[in-house]
Amino acid sequence: MSDFWRPAGAGVASVVAGVGAAELVSAFVVQNGSPVLTVGALLIDLAPPWLKEAVIGLFGTGDKAFLIVSLAVVVLIGAAVAGWLERLRPPLGRILIGLGGALGVLAALTRSGNSIVDAVPSALAAVIAILLLGWLIRMLRETEPTRVAPRGQVSRRRFVTSTAATAGAGALALVIGQVVAGGFRAASAARAAIRLPKPATTAPPVPAGASFDIPGLSPIVTPNADFYRIDTALQIPGIEPHDWKLRITGMVENELELTFAELLALPLEESITTLTCVSNEVGGDLIGNATWLGYPIRHLLARAKPSSNADMVFSTSQDGWTASTPIEALTDDRNAILAVGMNGQPLPIEHGYPVRMVVPGLYGYVSATKWVVSLEVTRFDQHTAYWTDRGWSEHGPIKLSSRIDVPADGRQVKAGTVAVAGVAWSQHTGVSAVHVRVDDGPWQEATLADAISVDTWRQWRFAWEATTGSHTLRVRATDADGKVQTSTVRDVVPDGATGLHTIHVPVV
Ligand SMILES: Nc1nc2c(c(=O)[nH]1)N[C@H]1C(S)=C(S)[C@@H](COP(=O)(O)O)O[C@H]1N2
Ligand SMILES: [Mo]
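Per this note's numbering: the sequence shown = residues 3 to 510.
Have a look at this one:
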């Protein structure tokens, strides 16, 4: 009997631990690669219609649960067999587990919309299970009597404890992974079901002259999938809209509470605003421009009636992250909004679904709170926000800056006329000119594309008569107030990098 059960137990424990680790990783990191669910989805796709109908007929809406339970039973039987095989004839058991892992990888890779990262959890599950099985079966061997050690070198008890601990840790990881991923999946489902209302005020159309057709130049509006993402959330908060509420409290005459349905019922406005991260290095890509749909925060604050002593609004996200925004940026006439839509879709979950702040002119860390749930009207001398506590400046107005997109740094080009192009920004002030300098030559004026508004970046281009040799190109923007971008090089800490984006171009 125990000739089967002990190695079988080792097989089950190893596989549970492998799958548990993978579920944990997929819940926290990959978000999409749960081996259990991908294999389940593959089986649903592969099952013949008569089987699907039979299962639905028998279990009704419990069909998915039935599928998962059946899958679990098959996997556990397979794991037991793998353990038994490994004891009998190594490495057969490990090979069997490897085959199971390969099935998971295949399932992940063949799902539409999945990428190679989504196969990582299944591969990880197999690797962990294989290593653990090898270890447990070796230990099991050592519990058996030999001529030299009639009682075995390792006690049975140690083997049993190790197996139980492995299984227990795996089960715990599995449960945590499911709980965490469950919140995210519920939010994804709710997001997919949302229909955003039409804007009461649409953004003025993007002028045709706002973008140049130059390959490699950043598109004037950044698609959601390409929009940079910066946050401290290891696990993206999964908020269901009917659970969402915004509280406006603190130094106000009227505290306010707003539900998601109430927010959507307000006259929403569309606006195009370029977000920028304070951690964006000179020439970096932590910047993106989107069409946002939202409601002006100034109207909500007007209802709440802030005290005249207040100088700051302290916003908190559902996961506890905080930002301190100067109150005038939220009460003056700029488009500081509670955003619910991004480029015509509900906010993507990683960009703050269901509601985030977007404030033109301020770096994200002092203004762009995603998954926002509370606005406390207060004073800078009363509260300090997440990044302020970590050495970043209390105030974070976006600095005038510019970037060369094409040609790429170091990329060889042919002598002759070369299109040099990029973007320049100074949100809430606007850009009035861009200049390019070749080597130690004079600053030459680039052609600006039409501006969408002062709150958005602006494309520029410059026709460079390139001669053979190695050249250096620099870019410099001037804002609408006539201020010229500084060449002084400063690090991103504490309030944003400065300096001129410079690239080297070999010309042949
Ligand atoms: N809840 C929450 N909101 C946040 C952050 C965060 O860490 N947590 N990071 C901020 C920073 S530093 C930036 S630059 C912007 C980035 O927004 P995005 O990821 O949608 O581009 O979000 C801001 N909002
Ligand atoms: Mo940021």
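Using N, Cα and C, we set each Cβ at its ideal position, and we do this for glycine too.
Bridge partner(s) assigned by DSSP for residue i
| i | result |
| --- | --- |
| H506 | T474 |
| N282 | Looking at the DSSP assignment, N282 forms no beta bridge with any residue, so it has no partner. |
| E271 | T203 and G296 |
| W427 | S403 |
| M359 | L340 |
| P308 | V254 |
| G13 | Bridge partners of G13: none, in fact. |
| D481 | V433 |
| I289 | T278 |
| L450 | W462 |
| S326 | F316 |
| A421 | A465 |
| L1 | An answer regarding residue 1 cannot be provided, because it is not within the stretch 3 to 510 covered by the chain. |
| P348 | G343 |
Span of the alpha helix (DSSP H) around residue i
| i | result |
| --- | --- |
| Q512 | Residue 512 cannot be examined here, being either before or after the span of the chain that is shown, 3 to 510. |
| L260 | Careful: L260 lies outside any alpha helix (DSSP H), inside the beta strand (DSSP E) at L258 to T261. |
| T333 | I329 to T333 |
| E242 | No alpha helix (DSSP H) holds E242; DSSP gives it neither H nor E. |
| V315 | First-last for V315: M314 to S319, but that is the beta strand (DSSP E), not the alpha helix (DSSP H). |
| D47 | P37 to L48 |
| R492 | From DSSP, R492 is part of no alpha helix (DSSP H); its letter is neither H nor E. |
| L94 | L94 to T112 |
Contact test: residue i Cβ vs ligand 1 heavy atom, cutoff 7 Å
| i | result |
| --- | --- |
| Y355 | no |
| W373 | yes |
| G185 | no |
| Y297 | no |
| W246 | no |
| G290 | yes |
| L277 | yes |
| F214 | no |
| F229 | yes |
| A235 | yes |
| W323 | yes |
| A189 | no |
| S319 | yes |
| A370 | yes |
Where the beta strand (DSSP E) through residue i begins and ends
| i | result |
| --- | --- |
| L73 | It is not in any beta strand (DSSP E) - L73 instead sits in the alpha helix (DSSP H) that spans D65 to L90. |
| A465 | R460 to A468 |
| G252 | K247 to G252 |
| S434 | V433 to V440 |
| W445 | W445 to E447 |
| V375 | V374 to T380 |
| F61 | Segment P51 to F61 is the alpha helix (DSSP H) holding F61; no beta strand (DSSP E) there. |
| V129 | Note, V129: premise wrong, no beta strand (DSSP E); alpha helix (DSSP H) at V122 to E144. |
Any non-hydrogen atom of ligand 3 within 7 Å of residue i CB
| i | result |
| --- | --- |
| A387 | Ligand 3 is not part of the structure shown, which contains ligand 1 and ligand 2 as its ligands. |
State whether the segment 402 to 422 contacts the segment 460 to 480, with contact taken as three or more CB pairs (one from each stretch) at a distance under 8 Å. At 8 Å Cβ cutoff, the stretches touch.
Taking 7 Å as the limit, tell me which residues put their C-beta closer than that to any heavy atom of ligand 2, in chain order. Every residue passing the under-7 Å Cβ criterion appears here: I232, C279, V280, S281, L288, Y365, G366 and Y367.
Three Cβ pairs or more, each shorter than 8 Å: is that satisfied between the segment 422 to 439 and the segment 393 to 412? The segment 422 to 439 is in contact with the segment 393 to 412.
If we count Cβ pairs, one from each stretch, closer than 8 Å, do we get three or more for the segment 219 to 232 versus the segment 299 to 313? Counting Cβ pairs under 8 Å, fewer than three are found: no touch.
When you compare the segment 39 to 58 with the segment 198 to 209, are there three or more beta-carbon pairs, one atom per stretch, that lie closer than 8 Å? The answer is no - the segment 198 to 209 does not touch the segment 39 to 58, with fewer than three Cβ pairs under 8 Å.
Cβ contact check for the segment 338 to 358 and the segment 190 to 199: 3 or more pairs under 8 Å: Yes, they touch.
Inspect the CB distances between the segment 129 to 136 and the segment 10 to 28 and report whether three or more fall short of 8 Å. Counting Cβ pairs under 8 Å, three or more are found: they touch.
For the segment 59 to 75 against the segment 91 to 106, do three or more pairs of beta-carbon atoms, one drawn from each stretch, fall closer than 8 Å, so that the two count as touching? Output reads no: the segment 91 to 106 does not touch the segment 59 to 75.
Inspect the CB distances between the segment 380 to 396 and the segment 263 to 272 and report whether three or more fall short of 8 Å. The segment 380 to 396 vs the segment 263 to 272: no contact.
Is the segment 305 to 314 close to the segment 488 to 495, with three or more CB pairs under 8 Å? The segment 305 to 314, when compared against the segment 488 to 495, does not touch it at the 8 Å Cβ threshold.
Could you say if the segment 405 to 418 and the segment 375 to 386 meet the contact criterion of at least three C-beta pairs nearer than 8 Å? Between the segment 405 to 418 and the segment 375 to 386, the count of Cβ pairs shorter than 8 Å is below three; the stretches do not touch.
Pair every Cβ in the segment 322 to 338 with every Cβ in the segment 173 to 181, then say whether three or more of these pairs are closer than 8 Å. Taking 8 Å as the limit for Cβ pairs, the verdict is that the segment 173 to 181 does not touch the segment 322 to 338.
Would you say the segment 109 to 128 touches the segment 77 to 89, given that touching needs at least three Cβ pairs under 8 Å? No: the two stretches stay apart, fewer than three of their Cβ pairs being nearer than 8 Å.
Indicate whether the contact test is met: 3 or more Cβ pairs, each with one atom in the segment 358 to 372 and one in the segment 243 to 261, closer than 8 Å. Taking 8 Å as the limit for Cβ pairs, the verdict is that the segment 243 to 261 does not touch the segment 358 to 372.
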